[in-house]
Structures are given as C-alpha cells and as structure tokens.
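Protein chains in written order, with our numbering: chain U, 1 to 223; chain E, 224 to 446. Just below is one structure, and these are the notes that go with it.
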DNA sequence: ATTTAAATGTGATATAAATCACATTTAACA
DNA sequence: TGTTAAATGTGATTTATATCACATTTAAAT
C-alpha cells in the first residue's frame, strides 16, 4: 500500500513532498482494529505515531478511583501524539469504539518530517494547540457542571461532533458514559431516563434520538 | 535590548541561528508586570506569543460556575501558546502571582521560525506535548480525588515544582487556592487547619512549612 | 495611627451525587 | 434456541462537600 493513494491524509501529511510521502509509505504500517480492541495501552512502550484513518476511539486513563475517558476522537486524527513524543511509555490507553483503520508511523521518520518540513510541523503544532484548548474546556465542564448538564453536553457532543445526526447509536455502555462525564452508571441511567420522561430525548437501549435540542442546550448552560 | 544577550532563552530559542536571534530582537517587546496584574485576558485579541522570562503566573478561565485556575506556571515557559496559535481571541487569562518579566514576540516572526527551523519547531512540539499530558493528569486528580488529597497535592506541587523548599509563602489567597483545586475557600481553610492540627504542616497566614512530607504523599495517594 | 476593606476561620445546615442492594432486561454464546 | 453473563433500571441510604451565617484577623488606605 502506498500512502500517495491514501484518501485519509491528515492536514499535516497533505503538505509532505512526493519524496516524503514515498518515505512515509515505507515506514507506515496499516492495521485494523475491531470494536472493543485496544489500539495502545497505558504503561506499554510507545514507539510509533498512531494515526486514526477511520473509526471512533476512546482515549482513557486509569485514575486514582476510576477509569476516566479523557476524550473521544473520531477519524481523521493523530492518536496520542503527546504520549508518543516525549515519553518512553504511554501515559494513557486508546480503545476502538467502532471498527477502526489505523496507521503506525515510525517515530524517527515522523520527527524527520518535522525537522525538514516547516509546514508539516506547523500543522502538527496547530493540532496540538487545538487539543490543549479543548481539554481545558472539557476539564472545566467536568468540574463545574452538575451531572445533568454534563449528560446534556455529551449528548450534544455525539450529535454535533460525531454523528451529525439527531439519531445515533450510543457507542458507550452506561458505565463508559459515566467514565466520560465523571459519574456512575446509575446516575447516567437515571438522568437519561428522566430526559426521556420529559420528552427531551427518545431512547431504546443504545439508540438515542434528540427531540428537543434547545432544552438540552438550556440544561447544558444552566450547568 | 538584544535577545542574543538574554539569559532566559527557552529550549526552543536556544536553537535559533544568529540571524534568527537578530530577527527576534527586532520583533520582541520586553514588559514587566507587578504581582496581581493581568498579562493577557480572556476574550481579548491574541496577537503575540508570550514568553515568561521570570516570575510566577496563574492561567485561569471563567467557568460556568467559578473561576478555575487551570495551571500555575513558573518561568521559563511560553504562556498560552495554544490560545495564541489558532484562535483570534484568548480562551483564557494569565495573571502575575509574583512580579514577572515577559516577552511579547510577534506571531508572524514566531511562525516563520517554525517554518524555517525544524529543531525550533520540534522543541515547541515537545513543550506542547508535555503540557497536554500534564493537563490530563491534573484533570484526573481534580475529578477523582477528594479535597484532602487535592490540597495535599497542591502543597507538594508548591514544594517540589515551584519553590524547591519545604517552607514557602503561598502565592494564593484561600479563595484562589480553592479555584486551583476546585473547591471553596471554606474547605481549603478547614483542611489546611486540620493539617496543622495533625502536625503535618505549619501555617502562619500565607507562610507554610511542610513538616511531614510522607503524610502528605500518603494523603495524596489515598485520594 | 486609625479606619476600612479584604481575607480568613468555623459551626450549622442543605444538597447533589455516590453507594448499596436487588430486580429486570439485553446481549453473548454454546 | 436456551442458558449464562453482562448491562441496565430504580429505590433507599449515606456521605462528601457546598452553602450560609457570622466572628475574627490581617492587610490596605487615608
């Protein structure tokens, strides 16, 4: 497989020269993961840059008390750049929430691109900056909003950022949902069922339909 | 003032060529801030890269409920790279906790260095990656530890990462301390006074001395 | 040095959310 | 297709921490 024909190029990779793309092709392994499989694991060695070509992934860390889902990332995106870059071992894990296609890129080759190709480096910096700001705000919401608001946020996130559809199959169990918004499976259960009773959403197991977006936005804002 | 003579060069700036340092000198403004002054402000335009040469700074965001101190940064470090880079307006504020010396670097010149100097770009990427991992863990502790553990963490942070001394002047009011660990001034008050009663620390207003580090570590780990 | 405002301490009370316990449903698999 | 395990729902209870209220101390300002 040659990267030149790949339809999933990242914003950074688009700026590589033909020669560089060629070099990438020889140092890039394509791997597929099934739903539920771990892509990389906390405390294991990190020696490749991981690029998510298609699919949906949860990034998670085992905290002092629970597993926390730090973020949910959909393709295309680099997965865990920070952990690969200046750490010998991964500081967190990534698990496929849907079937995923992933590229493992040799770290040295990737570094070489940064050294030689300023536009490539700039794109990576831009992505990292965006990630950091996003994580600031996720943390702010996690710590300052009440659970109802956090559930509303998460539902709106799946609608707008992941599926672009008011109806979707929730890719998480109630427990994972809890890990994503820092609460328990019981609280998630109660709140989404309350939402259903109030006619804000419709749920059938994992299938969710947002009926009253404005109410969700309102609940999200009130905290 | 010429940057070539500056004793506070960042790890990235060290890799600039003589010509580039010269260019930097012409596009870099040195400013001093007194304790309590705002260095940059949420919602204001961000048009400069800000480099903290000396002093101590709090980075903070106004959340849905309270002000949150996202992190406390001591020199030398870039302040708010993420917010300057791909946002027109700042997403958060930075305020001096001590008198600070700061450089305002023209954004275009900084970008130019990234494009032209791969080692410079690589250093910036390294710093951004480190920041992101740190913020993941800060968020994890914020959400999963009980207040006692978070207070212990913060005290150990000031000891190890800021002052390198078991005795220090706390650069925050009780309320700011609360904003830093996501709690109220009352809870901070109660807990540090409990710590004093148990002989773990000694406090006299803002002056703190850590007496039993092992106990603090233990409290921090138990959550 | 005196006044005023800001910061801090501390008890009493309220509250959001965790925990516990168990019933029920859904999905996995053999 | 039936059996077992995993996931979910829901009430009752507990708990950590916020909130409220007010006294006291410290720092700032005149």
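For glycine and all other residues, C-beta sits at the position ideal for the given N, C-alpha and C.
- Contact annotation, residue 139(U) with residue 362(E): C-beta distance approximately 4 Å; criterion of less than 8 Å satisfied.
- Pairing residue 247(E) with residue 273(E), the inter-Cα distance amounts to about 13 Å.
- In terms of beta-carbon proximity, residue 182(U) lines the interface with chain E, with at least one pair separated by less than 9 Å.
- With the criterion set as a beta carbon lying under 8 Å from some beta carbon of chain U, the members of the segment 322-336 of chain E are 334, in sequence order.
- Around the beta-carbon of residue 282(E), 16 or more other beta-carbon atoms lie within 10 Å, marking it buried.
- Taking the beta carbon of residue 235(E) as reference, no residue of chain U falls within 8 Å; the closest one sits roughly 11 Å away.
- Chain-ordered, the chain E residues with CB closer than 7 Å to the CB of residue 124(U) read 348.
- Take the alpha-carbon of residue 374(E) and the one of residue 402(E): they are about 11 Å apart.
- For residue 406(E), the three-state secondary structure derived from DSSP is coil.
- A residue is called buried when at least 16 other Cβ atoms come within 10 angstroms of its Cβ; residue 384(E) does not meet this threshold and is exposed.
- The Cβ of residue 358(E) sits closer than 9 Å to at least one Cβ of chain U.
- Pairing residue 341(E) with residue 115(U) gives a Cβ-Cβ distance under 9 Å.
- When C-alpha distances from residue 263(E) are compared across 317(E), 390(E), 289(E), the shortest belongs to 317(E).
- Within the segment 109-178 of chain U, the complete alpha helix (DSSP H) segments of 4 residues or longer fall at 118-144, 147-157, listed in chain order.
- Distances from the alpha-carbon of residue 7(U) to those of 194(U), 54(U), 211(U), 145(U) put 54(U) closest.
- Around the C-beta of residue 234(E), fewer than 16 other C-beta atoms lie within 10 Å, and the residue is accordingly described as exposed.
- Bridge pairing for residue 89(U): 45(U) [DSSP].
- By a beta-carbon distance limit of 8 Å, residue 313(E) does not contact residue 126(U). Their separation comes to about 17 Å.
- As the crow flies, the alpha-carbon of residue 185(U) is around 16 Å from that of residue 203(U).
- Membership of residue 283(E) in the beta strand (DSSP E) is indicated by the continuous run 279-285.
- DSSP lists 61(U) as the beta-bridge partner residues of residue 68(U).
- Residue 295(E) places its beta carbon less than 9 Å from that of residue 380(E).
- Beta-bridge annotation (DSSP): residue 297(E) is paired with 279(E).
- Here residue 194(U) is not near residue 366(E), since their CB atoms are 9 Å or more apart.
- Secondary structure note for residue 222(U): it is in no beta strand (DSSP E), and the uninterrupted alpha helix (DSSP H) holding it is 213-222.
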